[in-house]
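Enquirer:
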Amino acid sequence: MKIDIAAMPVGGMPPGFTAGLTGQGEPVCWQVLSDDTAPGGKVIAETSRDTADYRFPICVLDDVTAKDVAVSVRFKAVAGEVDQAAGLLVRGQDQNNFYVARANALEANVRLYKVTDGVRRQIAGRNIEVPSAWQSLRLEVAGDTLTVAFNGERIIETRDATFPQAGKVGLWTKADSLTHFADLTIEPSPADVAGGRQA
Numbered sequence: 004m005k006i007d008i009a010a011m012p013v014g015g016m017p018p019g020f021t022a023g024l025t026g027q028g029e030p031v032c033w034q035v036l037s038d039d040t041a042p043g044g045k046v047i048a049e050t051s052r053d054t055a056d057y058r059f060p061i062c063v064l065d066d067v068t069a070k071d072v073a074v075s076v077r078f079k080a081v082a083g084e085v086d087q088a089a090g091l092l093v094r095g096q097d098q099n100n101f102y103v104a105r106a107n108a109l110e111a112n113v114r115l116y117k118v119t120d121g122v123r124r125q126i127a128g129r130n131i132e133v134p135s136a137w138q139s140l141r142l143e144v145a146g147d148t149l150t151v152a153f154n155g156e157r158i159i160e161t162r163d164a165t166f167p168q169a170g171k172v173g174l175w176t177k178a179d180s181l182t183h184f185a186d187l188t189i190e191p192s193p194a195d196v197a198g199g200r201q202a
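Residue 166 in the numbering used here sits at position 163 of the sequence shown, and the numbers go up by one each step.
1. Counting only beta-carbon separations shorter than 8 Å, does P18 have a partner in chain C?
2. Cutting at 7 Å between CB atoms, please list the residues of its own chain near N107, excluding the five before and the five after it.
3. Using the C-alpha atoms, what's the distance from D179 back to Q168?
4. Measure from the alpha carbon of A81 to the alpha carbon of each residue in V74, R129 and L109, then state which is nearest.
5. Quick check on the DSSP output: what are the complete beta strand (DSSP E) runs of length 3 or more inside the segment 21-50, in order along the chain?
6. Let me make sure I understand the geometry here. Which of Q27, Y116 and V35 has the alpha-carbon closest to that of V13?
7. Using C-beta distances below 6 Å, list every residue in its chain close to G28, excluding the 5 sequence neighbours before and after it, in chain order.
8. Taking just the CA atoms, how far does L149 sit from E160?
9. Might you give, ordered along the chain, the residues of its own chain that have their beta carbon closer than 6 Å to the beta carbon of R123, omitting 5 neighbours on each side?
10. Specify the secondary structure class of I8 as computed by DSSP and reduced to three states.
11. Quick one: what's got a C-beta closer than 6 Å to K5's C-beta in the same chain, skipping five residues either side?
12. Mind checking which residues open and close the beta strand (DSSP E) that includes V172?
13. So which of P191, S192, T176 and E190 has the shortest CA-CA distance to A48?
14. Answer with buried or exposed for G259, where buried requires no fewer than 16 other C-beta atoms within 10 angstroms of its C-beta.
15. Can you tell me whether DSSP reads E132 as helix, strand or coil?
16. For E190, which residues from the same chain have a beta carbon less than 6 Å from its beta carbon, with the 5 sequence-adjacent residues on both sides left out?
17. Does any heavy atom of the ligand GTP sit closer than 7 Å to the C-beta of V133?
18. Check whether the Cβ atoms of T50 and K171 lie closer than 8 Å to each other.
19. Considering just the uninterrupted stretch of the beta strand (DSSP E) at N107, what are its terminal residues?
20. Spatial neighbours of E143 within its chain, please: C-beta separation below 6 Å, excluding the five flanking residues on both sides.
21. I believe S139 touches N154 by the beta-carbon criterion, under 8 Å. Please report the beta-carbon distance rounded to the nearest angstrom.
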């Protein structure tokens with residue numbers, strides 16, 4: 004299932020998504036923007052540029068709920084003084100409870116977190132350069148196994164059982180990150196599709 008960002012109207016909230024916020028700061032502002040360097044010429048981005056440090060805007064798909072799923076995206080870190088982060092979330096129960104894998108261009112690392120009751124805790128991480136150009140990030144969860152790939156290389160594989168149930172999938176950023184997202188693809192497991200957990 005590939006999200007057709009190119010068909011979305013520029014300037015507004017991406018259709019079929021709901022915005023949320025973990026932590027502090029001003030309301031979030033997710034928009035569809037033009038970007039000639041992106042596939043299809045359009046991207047999804049969070050544009051509010053609020054510099055509150057413990058501030059994590061999210062943007063979840065309305066019609067997808069899955070337990071075992073792989074989510075992938077291409078992203079470009081465009082700007083941000085506090086942070087330049089791009090993330091994917093899975094098994095989202097609400098805006099304060101989910102798994103997230105994120106790449107950070109300023110910190111030069113990729114990390115896997117669990118967010119419980121709004122508190123972010125690191126599960127695993129890898130120090131790796133994240134250039135300010137188009138990169139790819141993938142987060143897969145199957146049972147209690149979570150796998151993160153960066154630019155096609157599997158860099159994290161670990162286990163955690165905090166969220167065993169199905170949940171939402173979506174995008175994530177931090178603080179004043181201006182990150183362009185493109186090529187968002189969701190691959191639920193055959194069991195999820197057969198079980199009706201994907202709308």
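Idealized CB from N, CA, C, for every residue including glycine.
Expert: This is what the structure holds:
1. Of the chains in the structure shown, none is chain C; there is only one protein chain.
2. D86, Q87, A88 and V133
3. 31 Å
4. It should be noted that the sequence gives Val, not Ala, for residue 81. For V81, the nearest C-alpha among the options comes from L109.
5. 33-37 and 45-49
6. V35
7. D53, A55 and R58
8. 6 Å
9. Y116
10. helix
11. T188
12. G170 to W175
13. T176
14. No answer is possible for residue 259: it lies beyond the span of the chain, which begins at 4 and ends at 202.
15. coil
16. A73
17. Of ligands this structure carries none, so the ligand GTP is not represented either.
18. no
19. N100 to N107
20. A73 and T150
21. 5 Å
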